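Report on one structure; see the data block that follows.
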Amino acid sequence: MRRSRQHRLARHRPRWVPLLDDHESITLAKVAMTAALGIAFAALPAVGAGAAAKVPLPAGDSSATNKTSPADTAIVAAAGAGVATAAPAPRPAGESSATSQTSPADRAAALLRQQQALATPKAQSATPQAQSAAVSPAVVTIGFDDARETQANAGAILANYGFAGTFYLISGGGGSTFGLDNPGFLTQAQAHTLASEGHEIGGHTRSHPQLTTLATAGQTTEICGGRQDLINDGLGTPVSFAYPYGSYDTSAMGVARSCGYTSARSVDNGLDAIPPAVPMAVNAFESVTSAPNRYVSVSDLQAWVQSAENSSNQKWANLYWHDVVDAQHPGWGEDGLGNAAPGYEQSVADFQTFLGWLQGEVSAGRVKVETAGQAMASAPTPPPAIQPYGAIGGLWNAKGGSASFLGAPLNNEYDVAGLAGARMEDFAGGKIYWSPGTGAHEVHGAILGKYLEWGGPAGYGLPVTDETTTPDGVGRFNHFDGGRSIYWTPGTGAHTVYGAIRAKWQGLGWERSTLGYPATDEGDGLAGARYNHFQAGSIYWSPSIGAHEVHGAIRDTWAALGWEHGALGLPTSDEFAITGGRQSDFQGGHITWTPTGGAVVH
Ligand SMILES: [Zn+2]
C-alpha cells in the first residue's frame with residue numbers, strides 16, 4: 001500500500017509531501033553487488049611512484065613495429081626450405097638450485113605487515129591510549145534528506161548545539177521541479193547558510209528518481225549531474241551521497257563512486273563500520289518519522305546511538321530526518337491531497353530533546369558527531385587493490401612503474417605454473433618473473449611473444465636478464481636459464497637459440513660473428529639433427545657429431561644438394577682455412593672453396 005501511495009504522489013508532485021526514503025524498498029543483495037563492484041575496484045590502475053619519469057622505449061626495443069626488409073626476406077625464404085615446425089625443447093630436470101632468501105610465505109607476510117601498517121590509524125600509533133579506558137566513541141551522523149524547506153531551521157538548531165549535519169540536497173537542476181529553489185524546498189541562499197554554519201552539503205540527485213529504474217546513462221545524469229549542479233551553485237565539492245528511496249543497484253554504486261562521492265548512504269537497517277564494508281552502500285537507520293505505524297521516538301534514537309556505543313566494531317550510526325517542524329506546518333498529518341497521511345516529521349521539541357541528550361553523550365566521550373564526509377575521511381585509507389611488492393615490485397619501480405613500458409599492473413603476483421617457488425606478475429606492457437635462483441626479470445614485446453609461444457617459464461625456463469640491447473646496438477635479447485636465449489632485430493624478428501647451437505654461436509662471437517642474428521628458431525633436421533639458420537649461415541647439431549657452422553658459398557652448394565638430406569649429410573666441421581681457400585667437412589665428403597675455382601664438392 002505504501003508503494004502505491006508513493007507512486008501516486010510522485011505523479012502529482014504535491015509541494016509539501018516528503019519524498020519517502022523508504023528502507024523497506026531495499027531487497028537488493030548487497031554482497032552480490034559488492035562482488036561485482038570489486039571487479040571495478042581491481043581494474044583501477046594502482047598508484048605508482050608519482051614522480052617516476054616516463055621511460056621511453058629503447059630505440060631497438062623488441063616491441064617496436066617493424067617490417068622485414070627484402071634482403072632479410074630472401075635470407076629467411078632461403079632458409080625456410082629446411083624449416084620444420086619447431087617443438088619446444090624439453091626442460092632439463094633439476095636445474096633450480098633454490099636458495100630462498102625471500103620465500104613466498106615471507107613475501108606474503110611482508111605484504112600483510114604493509115597492509116596492516118596502512119590500516120593502522122595514525123592517531124592510534126601517535127597517541128597510545130590506556131587499554132582499560134579504550135572504548136572508542138560511536139560516530140553519529142545527523143543527516144537530512146531532500147532539501148526540505150524546514151531544514152533551514154533544523155540547521156540553525158543543530159548549529160546551536162555545536163553539531164554539524166550532512167544535508168543531502170536534491171539539486172533541482174536540469175529543469176527538475178523538485179529540489180533547490182522549488183516551492184517547498186530550500187532556496188540556494190538557505191543552502192549557502194547551512195554550509196556557512198559548518199554543515200556538510202551532500203548530494204541526493206537532481207530530481208529524486210528511483211535510480212534502479214534508470215539505465216547507467218540516466219543514473220549518471222541524476223547522480224553526477226546533481227553533484228555538478230551543487231558545485232556550480234558554489235556549494236563546495238560534495239563527497240557524500242544518499243540514494244533516493246535508499247534504492248540502488250551495482251550500476252548506481254559505480255556511477256556514484258565514479259563522479260567523486262566517497263560514500264553513498266542507503267537505508268539498509270542499522271549500524272556500519274568505519275570504514276564501512278561497502279562505502280557505496282552505507283547502512284543507516286530508518287528515517288525519523290511521526291507516522292503512527294513507524295513512529296521514531298527520542299528513546300528509539302537514543303537506543304540506536306547506544307547500540308553503536310556498545311558495539312566493538314560497528315561504531316557508525318547514520319540517522320536522518322526529513323522535516324523538523326511544529327504541528328502547524330502545512331503537510332503535518334496530510335498528504336497534500338487532502339488525505340490524512342503519516343508525515344516524515346519530528347517536532348522541534350523532540351529534536352531538541354534528542355540533541356540535548358546527544359550533547360551529554362559527547363561530553364562523556366561516548367559519541368563523536370561527524371558529518372558523513374568527516375566519518376569517511378577519518379577512516380584509514382585501504383591499500384591499493386594492486387600494489388606490486390617484493391623483488392617484482394622493486395624491478396617494476398626501477399623501470400619507472402606505471403609510466404614505464406611495463407605499464408600498470410594487471411594483477412597481484414602469483415605462482416608460476418609448473419615451477420615451484422617461482423612467482424610472476426602481469427603488466428599492461430610485459431611480465432616480470434621471479435625465483436630465488438634467478439631473481440626478478442622482465443620480458444616484453446616480440447621476445448615475450450616468442451617466449452610464450454615456446455611454453456613460457458615451464459617450457460623455456462625463467463629469464464635471467466631483462467630485455468637487453470645487443471653489443472652491436474642493433475638487436476635485443478633476453479637470456480633464460482638452461483642456456484637459452486631469444487634474440488630479436490627489426491629485420492629478423494624474435495627467435496629462439498639455445499643449447500649446443502647457442503654455445504657454438506657464442507663461441508663464434510654471437511651476433512657479431514660471420515653468421516649474424518638468428519633468422520629462425522631452432523628446428524628439427526634429419527634423424528634427430530637440430531639447426532638454426534642465421535642471417536648469413538647455419539649451425540647444425542646432432543648428438544653424435546655436435547654443432548658446426550656452415551656459411552657462404554660452401555653452404556650455398558650444400559644447400560643446393562639438399563642440405564643434410566643430400567649425399568654429403570651433416571657438417572662435421574666448421575669452415576676452416578686450407579691453402580688458397582676454405583673447406584667444410586661433411587659426413588659424406590667435403591666442400592672446398594677458392595676465389596678462382598669457387599665451391600667444389602669432393
Ligand atoms: Zn530522498
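Its first residue numbered 1, the sequence shown is counted upward by one per residue in this note's numbering. Glycine included, each C-beta is placed from N, C-alpha and C at the ideal position. In this text, all values refer to a predicted model and were calculated from it rather than measured experimentally.
{"Check": "Sequence-distant residues of its chain with Cβ nearer than 8 Å to Gly172 (five each side left out)", "Outcome": "Ala147, Phe178, Gly179, Leu180, Asp181, Asn182, Phe185, Arg206, Ser207 and Asp229"}
{"Check": "Own chain residues within Cβ distance below 6 Å of Gly218, not counting five before or after", "Outcome": "none"}
{"Check": "Near ligand 1: Ile201 beta-carbon under 8 Å from a heavy atom", "Outcome": "no"}
{"Check": "Beta-carbon proximity of Ile223 to Val255, cut-off 9 Å", "Outcome": "yes"}
{"Check": "Cβ-Cβ distance between Ala152 and Gln190 below 9 Å", "Outcome": "yes"}
{"Check": "Buried or exposed (CB count within 10 angstroms, at least 16 for buried), Gly569", "Outcome": "buried"}
{"Check": "Alpha-carbon to alpha-carbon, Trp321 and Lys368", "Outcome": "19 Å"}
{"Check": "Status (buried if at least 16 other CB within 10 Å, exposed otherwise) for Asn532", "Outcome": "buried"}
{"Check": "Counterpart residues of Pro409 in DSSP-defined beta bridges", "Outcome": "Phe427"}
{"Check": "Where Lys315 sits in the DSSP three-state scheme", "Outcome": "coil"}
{"Check": "Outcome for Thr150 when other beta-carbon atoms lying within 10 angstroms are tallied against a minimum of 16", "Outcome": "buried"}
{"Check": "Inter-stretch contact at 8 Å, needing at least 3 Cβ pairs: the segment 470-480 / the segment 508-523", "Outcome": "yes"}
{"Check": "Cβ neighbours of His565 in the same chain (closer than 7 Å, five flanking residues each side left out)", "Outcome": "Leu526"}
{"Check": "Extent of the continuous alpha helix (DSSP H) run through Gly581", "Outcome": "Segment Gly581 to Phe586 is the beta strand (DSSP E) holding Gly581; no alpha helix (DSSP H) there."}
{"Check": "Straight-line gap, Gly393 to Gln387 (C-alpha atoms, nearest Å)", "Outcome": "8 Å"}
{"Check": "Asn269 in three-state terms, based on DSSP", "Outcome": "coil"}
{"Check": "Nearest residue (CA-CA) to Ala195, options Gln210, Gly552, His551 and Gly155", "Outcome": "Gly155"}
{"Check": "First through last residue of the beta strand (DSSP E) which encompasses Tyr498", "Outcome": "Gly493 to Tyr498"}
{"Check": "Where Asn269 falls, given that 16 or more other Cβ within 10 Å makes a residue buried", "Outcome": "exposed"}
{"Check": "Nearest neighbour of Phe163, chosen from Ser290, Gln374 and Ala264 [CA to CA]", "Outcome": "Gln374"}
{"Check": "Assumed close pair Trp304, Ala317 - CB separation to whole angstroms, cut-off 8 Å", "Outcome": "6 Å"}
{"Check": "Under 9 Å between C-beta atoms of Ser297 and Asp350", "Outcome": "yes"}
{"Check": "Distance between beta carbons of Ala536 and Ala500, contact taken as under 8 Å", "Outcome": "Going by Cβ atoms, the distance from Ala500 to Ala536 rounds to 20 Å, so no, they are not a contact pair."}
{"Check": "Option in Ser363, Asp323, Glu370 and Thr141 with minimal Cα separation from Val348", "Outcome": "Asp323"}
{"Check": "Buried/exposed call for Leu28, threshold 16 Cβ in 10 Å", "Outcome": "Any reading at Leu28 must be qualified, since the residue scores a pLDDT of 38, below 50, and its modelled position is unreliable; the value itself is stated next. Label assigned to Leu28: buried."}
{"Check": "First through last residue of the alpha helix (DSSP H) which encompasses Ser513", "Outcome": "Element bounds for Ser513: n/a, residue is neither H nor E."}
{"Check": "Endpoints, alpha helix (DSSP H) assigned at Arg476", "Outcome": "Run containing Arg476: none in the alpha helix (DSSP H); it sits in the beta strand (DSSP E), Arg476 to Phe480."}
{"Check": "Assigned secondary structure, Gln689 (DSSP; H/G/I helix, E/B strand, else coil)", "Outcome": "Past the boundaries of the shown model lies residue 689; the chain is included only from 1 to 602, so the question cannot be answered."}
{"Check": "Through-space distance from Thr492 to Ala519, alpha-carbon basis", "Outcome": "6 Å"}
{"Check": "Near ligand 1: Ala446 beta-carbon under 8 Å from a heavy atom", "Outcome": "no"}
{"Check": "From Gly588, Asp556, Gln583 and Leu515, residue whose alpha carbon lies closest to that of Ile545", "Outcome": "Gly588"}
{"Check": "Helix, strand or coil at Ala341 [DSSP, three-state]", "Outcome": "Residue confidence is low: Ala341 scores 48 on pLDDT, short of 50, so the model does not pin down where it sits. Its coordinate-derived value is still stated next. Three-state DSSP puts Ala341 in coil, outside helix and strand."}
{"Check": "When Trp454, Phe477 and Glu453 are compared against Val464, the one with the closest alpha-carbon", "Outcome": "Phe477"}
{"Check": "Any non-hydrogen atom of ligand 2 closer than 8 Å to Pro244 Cβ", "Outcome": "Judged by which ligands are present, ligand 2 is missing from the structure shown, whose ligands are ligand 1."}
{"Check": "Inside the segment 541-585 only - beta strand (DSSP E) runs reaching at least 3 residues", "Outcome": "546-550 and 576-578"}
{"Check": "Ile539 beta carbon less than 9 Å from that of Trp593", "Outcome": "no"}
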